[in-house]
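Undergrad:
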Amino acid sequence: MAERELKRSEQSAIRKLVTELCANYDSQDKICLPLDSPCYMLNKWWTGAYCRYFEKAVLPVDAALESAITGGDTSMRQKICSVCGKSYLPITSQAYCSDACRVYARRKSERKRKRRQRQNQP
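In full-length UniProt numbering, the protein residues as written are 1 to 122.
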C-alpha cells in the first residue's frame, strides 16, 4: 500500500492507543522508554514505518484502525463474544473475550441444565 497522510481520526486513535496501552510509553515523562526520547508515534501524520512494538502488540487491539492503516483484512482474526458482544482476538480456541464472560456463560448453561432436570423429575 502506498504511503498516505493519516486522517485526523486515525491520528487521535493512534495517540489514544499509545497513551493508554503501550508498555514502552512513560506517561509521567511522556517519553518512549527504549528510545529515551519523545514517542514518535504521538506525532505521526503519515502511513509507513511504525514502531515495531506498537505495530505488533498495540495496533491489533483496534482492528478497524489496523485494517485502515495496513490495508489488510483483519476481520477474519476477530471473534465476537456471545455474552457481551465485544470483538476480541482469540487465543487458540477461546470462545469468550474474558474470564468473567466465560464464568457467566457457564453459570447460565448450568442453570438451564438444572431447570430441565427439575422439570423432568416426576
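Glycine included, every Cβ here is placed at the ideal spot set by N, Cα and C.
Since this is a predicted model, take the numbers as computed values, not measurements.
1. I'd like to know if the stretch 55-64 and the stretch 11-24 are in contact, where contact means that at least 3 CB-CB pairs between them fall below 8 Å.
2. If contacts are defined as beta-carbon pairs under 8 Å, then C22 and F54 qualify, I think. What distance do you get, rounded to the angstrom?
3. Could you check whether the stretch 74-90 touches the stretch 26-41, counting it as contact only if at least three pairs of C-beta atoms, one from each stretch, sit closer than 8 Å?
4. In this structure, does DSSP put Y50 in helix, strand or coil?
5. Along the chain, where does the alpha helix (DSSP H) containing Y104 start, and where does it finish?
6. State the CB to CB distance for the pair W45 and R4, rounded to an integer number of angstroms; the pair is presumed to be in contact (CB under 8 Å).
7. Alpha carbons only, please: which of Y40, A68 and V83 is nearest the one belonging to V103?
8. Count the other C-beta atoms from every protein chain shown that fall within 10 angstroms of the C-beta of E66, then say buried if there are 16 or more, exposed otherwise.
9. Mind checking I69: buried by the 16 CB within 10 Å criterion, or exposed?
TA: So, from the listed chains and residues:
1. Yes, the stretch 55-64 touches the stretch 11-24.
2. Sure, about 6 Å apart at Cβ, within 8 Å.
3. Short answer: they don't touch.
4. Coil, per DSSP.
5. Looking at the DSSP string, the run of the alpha helix (DSSP H) that includes Y104 is D99 to N120.
6. The beta-carbon separation of W45 and R4, rounded to 10 Å, does not stay under the 8 Å limit for a contact.
7. For the residues Y40, A68 and V83, the minimum Cα distance to V103 belongs to V83.
8. Counting other Cβ atoms within 10 Å of its Cβ, E66 reaches 16 or more and is therefore classed as buried.
9. Buried: at least 16 other Cβ atoms inside 10 Å.
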